[in-house]
Amino acid sequence: MRIAAIVFFLWVGVGYAQMMADPNANIAIANPAYKSAHPRIAIDQAHGNIHTVDGLFKPFAQLAENDGYHVVANAKSFTKDSLTNIDVLVISNPLGTLSNDNNNSSPAFTQAECGAVYDWVQHGGSLFLIADHAPAGDAAQPIAQRFGVALGNNFVFDTTSDNFTGEDVTQLVFSDTNHLLGSSPIIRGRSESERLHRLVAFTGESVSIPKSATALLMLSGTAGLAFPGSEPEPMFDKDAVKAKAAREAALKRAPAGAKSMAVAFSSGKGRVIVSGEAGMMTAQVWKEKQKDGTDKIAGTMGWEVPGNDDRQYVLNILHWLSGALQ
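Following my numbering, the numbering of the sequence shown begins with 1 at its first residue and continues without gaps.
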C-alpha cells in the first residue's frame, strides 16, 4: 500500500508520509484514572492503518498508558480468539486497496471480521472506530454498517466563520459558543475540570446518527459535504470571490443535513464511538525541506494546536468506553 501517495490535507498538500508524531506532545497525567486495574486497549495495525502505536498514534498510546491503561498493538485479523482479553479496541484510519486517484478504498475488513467485532461488542467489548475523510470512509464502512452507522467518505466543510478555524473551512470548531457540542457524559467529563468547551477537527467526514446514538460533534445548518475528486479544490481558490462561490455551490449541492462528525451509543453489553476525524485524537507535526537540505517543523495538528480541548476529549472518550465515566 502506497500511503505516501495519499494527500492528507488535499488542499494544502501535506502528505501522510510527511507527517510524524509530535515528539513534544503533552502526554502527562497528574491523576491517572486507573491505578490498580489496567484496562487493555488494543490499537489496530493489521488493516493498513495510517495510525499505529509507534507511528502517528504514538501520543494517543502514550497518553492512554499514562492514564493507567495497558496499551498493545493488534497485528492480527479480528476473530473471537484475537479479541479475547481486549477491553477497548481502537481502529484508526484503516485502508484497503486504493483506487488510482487514491480517493476510494476497498473494504479493509472481511465480513467475518466485522461479525467478530460486532459479536465481541454485544458481549461487553468497547469499540472506538475512527475513519477520517476520504478514502478512509470506504475502508471502514463495513464495520460501521454493522452498528447502523453510515460513513460519508467525503470532506465536511462549513461556511459560517464561527464554525471553522483560521481560513480552512474544513477545520471545524465545536464549542459552547456555536452550540455544536452534543449533550453527553463524554462532553461533560467526570468533573468541571474535564468538561469540554471547544474542540477542533482537522478535516473529517460525515457520520450518520442512529436512533440510539448521541451526536458528540453536530454539524451545523451551514455545513456541507464535498466529495473526492476535483470538487473541493475550487473552494480553496486564491481568488476569494471564486472560493466563496465554489463553497456556496458545494453547500447547495450537498448540505450536511442531520449528520455529525462523531457519535456514541451502547450496543448490546458494549459501547461504541464512531468518529469521522482522526487528527484531533493525537498530536502530529509535519516537516518541510529547507534550502540547506535540512527538515524543519512547519506545522502542528491535533491537541497541541493552541485553543482546543482535544486532548481531554481523548481522555473522556477512553473513560466512557472503559466504564470510568458513566
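Backbone N, C-alpha and C fix where the C-beta goes; we use that ideal spot for every residue, glycine too. For clarity, every value in this text was computed on a predicted model and none was experimentally measured.
Exercise for review: Measuring alpha carbon to alpha carbon, tell me which of W286, D87, A245 ends up nearest G323.
Suggested key: Looking from the CA of G323, the closest CA among W286, D87, A245 belongs to D87.
Exercise for review: State the Cα-Cα distance for the pair E113 and P94, rounded to the nearest angstrom.
Suggested key: When rounded, the distance between both Cα atoms is 13 angstroms.
Check your understanding: Expressed to the nearest angstrom, what Euclidean distance is found between the alpha-carbon atoms of G299 and S161?
Key -> Rounded to the nearest whole angstrom, the C-alpha separation of G299 and S161 is 22 angstroms.
Practice item. Reducing DSSP to helix, strand and coil, say where S161 ends up. Key: When secondary structure is reduced to three states using DSSP, S161 falls in the helix class.
Exercise for review: Starting from the C-beta of A256, find all residues in its chain whose C-beta is less than 7 angstroms away, skip the five residues before and the five after it, and write them out in chain order.
Suggested key: The answer, listed in chain order, is V156, S206, L219, A223, G224, L225.
Review point. Which first and last residues belong to the beta strand (DSSP E) in which D46 is found?
Key: In the sequence as presented, Asp is not what sits at residue 46; that position holds Ala. No residue range can be given for A46, since it is assigned to no beta strand (DSSP E) and is classified by DSSP as neither H nor E.
Practice item. Identify whether K289 lies in helix, strand or coil by the three-state DSSP scheme. Key: Strand, per DSSP.
Check your understanding: Mind checking D295: buried by the 16 CB within 10 Å criterion, or exposed?
Key -> So D295 counts as exposed.
Review point. Is K189 helix, strand or coil when you go by DSSP?
Key: A small fix is needed here, since residue 189 is Gly in this sequence, not Lys. The answer is coil: DSSP assigns G189 none of H, G, I, E or B.
**Study point:** Three-state secondary structure assigned by DSSP to V314
**Key:** In the three-state DSSP reduction, V314 falls in the helix class (H, G or I).
Review point. Would the beta-carbon of T282 fall within 7 angstroms of that of F128?
Key: No, Cβ-Cβ distance for T282 and F128 is not below 7 angstroms.
Exercise for review: Report the residue from L216, E288, A249 whose alpha carbon sits nearest the alpha carbon of F227.
Suggested key: Taking F227 as reference, the option from L216, E288, A249 with the minimal CA-CA separation is A249.
Review point. Using the rule of at least 16 other Cβ atoms within 10 Å of the residue's Cβ for burial, across every protein chain shown, is D292 buried or exposed?
Key: The residue in question, D292, is exposed, as its Cβ has fewer than 16 Cβ neighbours within 10 Å.
Point to revise | Member of Q284, G270, S267, V263 whose CA lies at the smallest distance from the CA of G276 | key: Distance check between G276 and each of Q284, G270, S267, V263 places V263 closest, using alpha-carbon atoms only.
**Study point:** Touching by the beta-carbon criterion (3+ pairs, under 8 angstroms), the stretch 301 to 317 and the stretch 18 to 25
**Key:** Contact holds: three or more Cβ-Cβ distances are below 8 angstroms.
Point to revise | Straight-line Cα distance separating V200 from G189 | key: Cα to Cα, the separation comes out at about 17 angstroms.
Check your understanding: Of the choices T177, Y69, Q45, whose alpha-carbon is the least far from that of L315?
Key -> Residue Y69 is the option with its Cα nearest to L315.
Exercise for review: Please report the residue range of the beta strand (DSSP E) in which D295 lies.
Suggested key: In the DSSP annotation of this structure, the continuous segment of the beta strand (DSSP E) that includes D295 starts and ends at 295 to 302.
Review point. In whole angstroms, what separates the C-alpha of L151 from that of L98?
Key: So the two alpha carbons sit approximately 17 angstroms from each other.
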